Amino acid sequence: MHIRECLKKKKRIVIKIGSSSLTHTATGDLNLTKMEQLIRILTDLRNEGKDVVLVSSGAVAIGRKSVGILENTINSSVKQACAAIGQAKLMMVYQKLFAEYGQTPAQILMTKDTMLNTISRKNARNTFEELFHMRVIPIVNENDTVSTDEIEFGDNDTLSAIVTALIDADLLILLSDIDGLYTDNPRVNLNAEFITTVERIDEKILGMAKGAGSKFGTGGMATKISAARIANDSGADMIVANGEKVSILRQILDGENCGTIFLAHKNPEFYLMDYITTKQYQKEEK
């Protein structure tokens, strides 16, 4: 069976969407048309019997916009205040749009402390399982309002990979403002070649990673490759694709050749806490 054909059979899927895919480029305001399309697809996947988790960026960007802060670089206390404002507004929109399709969402806010504490980690996993049993779609974000440098994940690429491992998902899809992995930065090098399949993440693949290309996002290709390491070692395939059109989700899950796929290779020695406590997933970001 072709690699992409296997995607049709995935049963538990984590989908991460970045701030740049949720907002209008010119204004930074929410793109409601795109959000409505996203929610329709997620609800339809849930109706097919799949377990679906959405890791959604956007809280800080929406909060900044709400209080008129235009600059992207802000101190941590202002960022946390903006997150508190933006998270409420973001969930209000999600709840309203999901309700149009008769689907119930739930909000889960996490920090790294959630994963480091054995009891909290177990409780988080049990909560996900109960929500799946209730046919609810969890919407996950980092709890930016209380997180600090010591307890933050740092970006939602990393968070989505950790959630993938926590709930034993078999597919992670990262929607961003890039098409996938190139041999070089395609915005600079017009001769950069697109990579459709990554079987193993080696030094050559790591060398292809470039920095963030989005005004609103925090995760570049380096964080996506780090996320792929976690997802692949836990036994999940991962795809990086361009979220400009959220209909690409349907194409991916129909087995079409979209984005870059990082193939799972279950690591028998995989232990999620090793990635978190040693910050292994952050090494390529320095």
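Sequence positions in the sequence shown follow the numbering used here and run 163 to 448. A virtual CB, placed ideally from N, CA and C, is assigned to each residue, including glycine. Note that the coordinates shown come from a computational prediction; the quantities given were computed from them, not determined experimentally.
Which same chain residues, not among the five before or five after valine 360, have their C-beta less than 8 Å away from its C-beta? Leu343, Ile367, Ala390, Thr422, Ile423, Phe424, Leu425
Thinking just about the alpha-carbon of each residue, which of Phe294, Leu252, Ile392 is nearest to the one in leucine 194? Comparing Cα positions, the closest option is Leu252.
State the Cα-Cα distance for the pair glycine 220 and leucine 337, rounded to the nearest angstrom. Rounded to the nearest angstrom, the two C-alpha atoms are 13 Å apart.
When you compare the segment 220 to 234 with the segment 274 to 286, are there three or more beta-carbon pairs, one atom per stretch, that lie closer than 8 Å? no
Leucine 333: first and last residue of the uninterrupted beta strand (DSSP E) it sits in: 333 to 338
With isoleucine 324 and methionine 277 assumed to form a contact (beta carbons below 8 Å), what rounded beta-carbon distance in angstroms separates them? 6 Å
Going by the CB atoms, is the gap between lysine 172 and serine 322 shorter than 9 Å? no
Note down, in chain order, each residue of its chain lying with its Cβ closer than 7 Å to the Cβ of threonine 385, except the 5 sequence neighbours on either side. Taken in chain order, the residues that qualify are Asp317, Asp319, Thr320, Glu447.
For valine 255, report the span of its alpha helix (DSSP H) as first-last. 238 to 262
Nearest-angstrom Cα separation, counted from valine 215 out to glutamine 418: Per the sequence shown, residue 418 should be read as glutamate rather than glutamine. So the alpha carbons of these two residues sit roughly 21 Å apart.
Leaving out five residues on either side along the sequence, give the residues of the same chain with a beta carbon under 7 Å from the beta carbon of cysteine 168. none
Pick from Leu184, Asn237, Gly211, Ala246 that is closest to valine 217, judged by C-alpha positions: Nearest of Leu184, Asn237, Gly211, Ala246 to valine 217, Cα basis: Leu184.
Is methionine 197 buried or exposed, if buried means 16 or more other CB atoms sit within 10 Å of its CB? buried
Please list, in chain order, all residues of the same chain as threonine 289 whose beta carbon is under 6 Å from its beta carbon, the five residues on each side excluded. Nothing listed; no residue qualifies.
Of all Cβ atoms in chain B, is any one closer than 9 Å to the Cβ of asparagine 209? In the structure shown, chain B cannot be found, because there is only a single protein chain.
Burial state of isoleucine 410 (16 or more Cβ within 10 Å): Looking at its Cβ environment, which holds 16 or more other Cβ atoms inside 10 Å, isoleucine 410 is buried.
Along the chain, where does the alpha helix (DSSP H) containing glutamate 198 start, and where does it finish? 194 to 209
Find the nearest neighbour of methionine 272 within the set Arg297, Tyr263, Thr307, judged by alpha-carbon distance. Thr307
By the three-class DSSP mapping on this structure, what secondary structure does arginine 412 have? The answer is helix: DSSP assigns arginine 412 an H, G or I state.
Does alanine 245 pass the burial test, meaning 16 or more other C-beta atoms within 10 Å, or should it be called exposed? Label assigned to alanine 245: buried.
Would DSSP call serine 282 helix, strand or coil? helix
In the DSSP assignment, what residue or residues form a beta bridge with phenylalanine 290? DSSP output for phenylalanine 290 lists no bridge partner at all.
Please name the residue in Arg362, Glu262, Met370 whose C-alpha comes closest to that of asparagine 429. Arg362
Starting from serine 218, follow its DSSP beta bridges and name the residues at the other end. BP columns for serine 218 point to Ile179.
Start-to-end residues for the beta strand (DSSP E) that takes in valine 402: 399 to 404 is the span of the beta strand (DSSP E), which, as asked, contains valine 402.
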